[in-house]
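Just below is one structure, and these are the notes that go with it.
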Amino acid sequence: MSRLGRRLRAWRPPAPPLPDDLAPLVAPDDPEWFARELAIAAAPPWWFWRLMLRVWSPVVGLFGRMEVTGSVPEEWRRGPLLLAVNHIGDYDMFTVAAALHRAGLTPRFMATGGIMSAPVVGPLLERSGGIRVQRRSHDAVLALRVTQVALAHGGHVVAYPEGRVGLAPDGWPERGRTGLARLALGAGVPVIPVSQWGAHEVLQYANDWGKLRTMLRALWVQPALRVHIGPAVHLDDLQLGRVGDVNRARTRIAAALTRGLVPLRAGEPADRIAYRDPTRPTTAVAAFPGGIVPEDIP
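Using this note's numbering, the letters of the sequence shown map in sequence onto residues 1 to 298.
As structure tokens, this is what we get:
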């Protein structure tokens, strides 16, 4: 590896100092990034991230026609907020960031450890408030602690309940994992469903040169990049630790995302994705197949 390559792999922007009251949360055997992410979670949003949101929002529109509906009540924009988003492709982080910026929010994304460990991109995402999620690892609990600190300091935390790009053949949100539901019930903060559609046409599922092909296609075709910010999910009657309530919260969040997605997919088949991506597996089942959500969700 060249000297430049080594420097790029080692580079990261300076992090704010860890507040004294958070220092006891860090154990000697915790990974080195944990203290750094705690300090970032407790600090105001990074000036460079706010600048990037302003600059990037118009750039997102180069690859499609941005359409944002819904809003966040003004009194909630100071946070804390949990924003639950359906995951449909690698480009949707950009469309969601642009949409939330338009809504007056400064999102902090929960992201997989692989992305956070990538050279340059990972350090920039971390310093911008990204929260590292090490799936199926002992370190996964550290993401919960960082998120709790971010929420305690008014953060707008974006999480994907499905935990991955959705793989249901019909494209509707999967039931998801329980992590976001547990976090929501434990933190007691508003959960805003953010439904989105169209970003899957910009970058294909597989990580190969086909991504460049689909990106160039999007520049020409200009797919609709639709985002809907829905009303808060009603969770006030549920409690963390009471039997069944975590599953009820998970189901309500999936139902809210599905309802918000219905108008975004108007004119498309309900039983399949209109845009065919042959690299995307179809191995999962939607929480509400066909986008049909019963009225009597518990």
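From the three backbone atoms N, C-alpha and C, an ideal C-beta is built for every residue, glycine too.
Original post:
Contact check, residue 299 vs residue 153 under 8 Å by CB: the rounded distance?
Top reply: There is simply no residue 299 to check, as the chain begins at 1 and stops at 298 in what is shown.
Subject >> Chain-order list of residues whose beta-carbon lies under 7 Å from that of residue 108 (same chain, five-residue window excluded) >> reply: The answer, listed in chain order, is 129, 130, 131, 150, 155, 156, 157, 158.
Subject >> Of the listed residues 54, 37, 87, nearest to residue 205 (C-alpha basis) >> reply: When the alpha-carbon of residue 205 is set against those of 54, 37, 87, the nearest one is in 87.
Subject >> Between the CA atoms of residue 200 and residue 255 - distance to the nearest angstrom >> reply: Per the coordinates, the alpha-carbon of residue 255 lies some 21 Å from the alpha-carbon of residue 200.
Subject >> Whole-angstrom C-beta distance between residue 171 and residue 273, which should lie under 8 Å >> reply: About 4 Å separates the beta carbon of residue 273 from that of residue 171, a gap short enough to meet the 8 Å contact definition.
Original post:
What runs of the beta strand (DSSP E), each 3 residues or longer, lie entirely inside the region 69-156?
Top reply: Fully enclosed beta strand (DSSP E) runs of 3 or longer: 81-85, 107-112, 131-133.
Subject >> C-beta atoms of residue 55 and residue 229 nearer than 8 Å >> reply: Taking a C-beta distance under 8 Å as the contact criterion, residue 55 and residue 229 do not qualify as a contact pair.
Original post:
Looking at C-beta atoms only, is the number of pairs between the region 60-68 and the region 84-100 that lie closer than 8 Å three or more?
Top reply: Yes, the region 60-68 is in contact with the region 84-100.
Original post:
Whole alpha helix (DSSP H) runs in the region 232-261 with 4 or more residues, listed along the chain?
Top reply: Listed in chain order, the complete alpha helix (DSSP H) runs (minimum 4 residues) inside the region 232-261 are 245-261.
Subject >> Contact belief for residue 113 with residue 85 at Cβ below 8 Å, rounded distance in angstroms >> reply: That belief does not hold up - the Cβ atoms of residue 113 and residue 85 are roughly 19 Å apart, past 8 Å.
Original post:
Between which two residues does the beta strand (DSSP E) carrying residue 197 extend?
Top reply: Counting along the chain, the beta strand (DSSP E) containing residue 197 begins and ends at 191-197.
Original post:
How would you write the range of the beta strand (DSSP E) that residue 229 sits in, first residue to last?
Top reply: Membership of residue 229 in the beta strand (DSSP E) is indicated by the continuous run 224-229.
Original post:
In this structure, does DSSP put residue 36 in helix, strand or coil?
Top reply: If DSSP states are grouped into helix, strand and coil, residue 36 belongs with the helices.
Original post:
Touching or not, the region 213-220 and the region 174-190, by the rule of three or more beta carbon pairs under 8 Å?
Top reply: Touching, no, given that fewer than three Cβ pairs across the two stretches are closer than 8 Å.
Subject >> CA nearest to the CA of residue 279, picked from 105, 174, 165 >> reply: For the options 105, 174, 165, the alpha carbon positioned closest to that of residue 279 is the one of 165.
**OP:** Specify the secondary structure class of residue 158 as computed by DSSP and reduced to three states.
**Re:** Here residue 158 carries a strand assignment [DSSP, helix/strand/coil].
Original post:
With burial defined as no fewer than 16 other Cβ atoms inside 10 Å of the residue's Cβ, what is the status of residue 39: buried or exposed?
Top reply: Its Cβ being crowded by 16 or more others within 10 Å, residue 39 is buried.
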